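End of the sequence shown = 140 in the working numbering, gap-free, step of one. Don't be surprised by glycine CBs; every beta carbon is placed ideally from N, CA and C. Here the structure is a predicted model, which means the values were calculated and not measured. Have a look at the structure below, then the notes.
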Amino acid sequence: MKKMTYIWQDRKRTFLGLPLSFTRYMLTEDRLFVEKGFLNSVMDEENLYRVRDIRVTRSLGQKLFGLGTVTVYSTDASNGETVLQSIKNPVEVKEEIVRLVEEARKKHGIRASEMLMGHPTHECDHDGDGVPDAPAGE
């Protein structure tokens, strides 16, 4: 099994910005992992090419300690929202994720417009005839 190389990793920070938590976040070239727990642990992963949007929020307490929360929204049916809570340098982490999302989409041959499935202005050619298909019900 190939060892994963993490581009970025951190833990959820608690009181005074200290990493006293059993929640870990890891980022590779094409996936984002969230591992929670100590004795019993759960690991979720998000393929970066599925990411639709990213948001950074910072409370006053987080700002005092250089922390913030990054929320990653995706088209994944089972996990459409991944939260990286109370991490260091949240804006830099967001920018790195944005960069890696673009690279992952290029690698998989996915255009940004393909990520808008279900958006009312999205035109799609499901039958491959070169003409956008009418939305269902028309």
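State the DSSP-derived secondary structure class of residue i, mapped to helix, strand or coil.
i          : result
residue 26 : strand
residue 99 : helix
residue 69 : strand
residue 15 : coil
Tell me the DSSP bridge mates of residue i?
i          : result
residue 56 : 74
residue 46 : 36
Pull up the distance between the alpha-carbon of residue i and that of residue j, whole angstroms please.
i           : j           : result
residue 142 : residue 53  : One cannot answer for residue 142 here, as it falls past the ends of the chain, which runs 3 to 140.
residue 40  : residue 7   : 22 Å
residue 102 : residue 60  : 23 Å
residue 74  : residue 112 : 18 Å
residue 80  : residue 35  : 14 Å
residue 33  : residue 97  : 15 Å
residue 62  : residue 92  : 14 Å
residue 57  : residue 72  : 6 Å
residue 13  : residue 23  : 7 Å
residue 5   : residue 105 : 21 Å
residue 87  : residue 76  : 17 Å
For residue i, which option in the options has the closest C-alpha, if you only look at C-alpha atoms?
i           : options              : result
residue 31  : 9, 24 and 23         : 9
residue 190 : 105, 109, 89 and 104 : Only positions 3 to 140 of the chain appear in this structure, which leaves residue 190 out of reach.
residue 20  : 68, 43, 108 and 82   : 68
residue 48  : 92, 11 and 82        : 82
residue 16  : 66, 95, 108 and 5    : 66
residue 109 : 85, 70, 51 and 86    : 51
residue 84  : 26, 18, 4 and 5      : 26
residue 70  : 4, 42 and 18         : 18
residue 11  : 95, 107 and 100      : 95
Starting from residue i, trace the beta strand (DSSP E) in both directions and tell me its first and last residue.
i          : result
residue 83 : 83-90
Are the C-beta atoms of residue i and some chain D residue less than 8 Å apart?
i          : result
residue 36 : Given the protein chain composition of this structure (a single chain), no chain D is represented.
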